[in-house]
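**Student:**
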Amino acid sequence: YKKYWESRDEECLLVGEDPISMDMRVPREVIKAIIGRQGSTIKQLRRDTGARIEVDDVEDVEDAMRPERIVTITGTPVQVCRAGVAIHQLLATKVQVTEELFVPQAAVGRIIGRGGENIRTISRNSGAKILCERERAEPNLDARRLIKITGTQEEVATAKVRVSQRAEGNAFRKTETGRGHSAPRASAWAASKLGGERAGCRVSERAGWRVSERASWVASEQMSEWDGERVSWVASE
Numbered sequence: 001y002k003k004y005w006e007s008r009d010e011e012c013l014l015v016g017e018d019p020i021s022m023d024m025r026v027p028r029e030v031i032k033a034i035i036g037r038q039g040s041t042i043k044q045l046r047r048d049t050g051a052r053i054e055v056d057d058v059e060d061v062e063d064a065m066r067p068e069r070i071v072t073i074t075g076t077p078v079q080v081c082r083a084g085v086a087i088h089q090l091l092a093t094k095v096q097v098t099e100e101l102f103v104p105q106a107a108v109g110r111i112i113g114r115g116g117e118n119i120r121t122i123s124r125n126s127g128a129k130i131l132c133e134r135e136r137a138e139p140n141l142d143a144r145r146l147i148k149i150t151g152t153q154e155e156v157a158t159a160k161v162r163v164s165q166r167a168e169g170n171a172f173r174k175t176e177t178g179r180g181h182s183a184p185r186a187s188a189w190a191a192s193k194l195g196g197e198r199a200g201c202r203v204s205e206r207a208g209w210r211v212s213e214r215a216s217w218v219a220s221e222q223m224s225e226w227d228g229e230r231v232s233w234v235a236s237e
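Note that the UniProt record's numbering numbers the sequence shown so that position 158 is 158, with each residue one more than the last.
1. What is the rounded straight-line gap between the Cα of T158 and the Cα of S126?
2. Using the rule of at least 16 other Cβ atoms within 10 Å of the residue's Cβ for burial, across every protein chain shown, is Q153 buried or exposed?
3. Nearest to A86 by alpha carbon, out of Q105, D57, I53, G115?
4. Check each candidate in R47, I130, T74, D48 and name the one with the smallest Cα separation from V55.
5. Using the Cα positions of D23 and I70, report the straight-line distance between them to the nearest angstrom.
6. Using only the alpha-carbon positions, how far apart do V156 and A51 sit?
7. Alpha carbon to alpha carbon, how far is P104 from Q44? Give it in angstroms, no decimals.
8. Exposed or buried, what is E17 when buried is set at 16 or more other beta-carbons lying within 10 Å of its beta-carbon?
9. With DSSP as the reference, identify every bridge partner of G75, one or two as the case may be.
10. So, helix, strand or coil for E99, using DSSP?
11. Where does G115 sit, in a helix, a strand or coil, going by DSSP?
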């Protein structure tokens, strides 16, 4: 620094301004959302963040079928950080994910509603697509039913809250009337969902990149961090 001011011949880079490069391993299904139509999205990301953002080339069919693609971000630490956050936010709001819930059989009727009215309302208000597996031939109140919720992370999180509220309402109703032995189980399930489970998509295999997102699973926002794992996205068509 002193030499720079004395000679004025050398460029002085402040601490933290040296160019860096970061690779993001991203599921190939979401690359279209990052690039955008005719490259419009990635160009906008470059303009907004000042970073250089490149997606690895696909040279043959084998490359095209790889489960992951590499997105390289180059720039100052601030630019790289901004670009990484912008990409994560883009994926959270544009890319569809699917999450599976197992709910107590005793709560399914209240979740679905008469003629499917409740589940259609939840789907319409949240924007998510909700599918409930068919009831087995021999119903069992102690059994659980699978519900699949598909949409953006925000839509899925909203739908999960609504489904949990319906399950919780079913548990309270049974407790108040003194009917049914499965109400405590349904209530415990709903309480655990509303109290601690993180929102967003399911986490699967290792992949070496980090996601930190704002979760809206409970009324008071909380941070959820998935460290070093691959987010199993389902690409939006």
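All residues carry an ideal CB built from backbone N, CA and C; glycine is no exception.
**Tutor:** If we stick to the structure as given:
1. 6 Å
2. buried
3. I53
4. T74
5. 6 Å
6. 31 Å
7. 46 Å
8. exposed
9. I20
10. strand
11. helix
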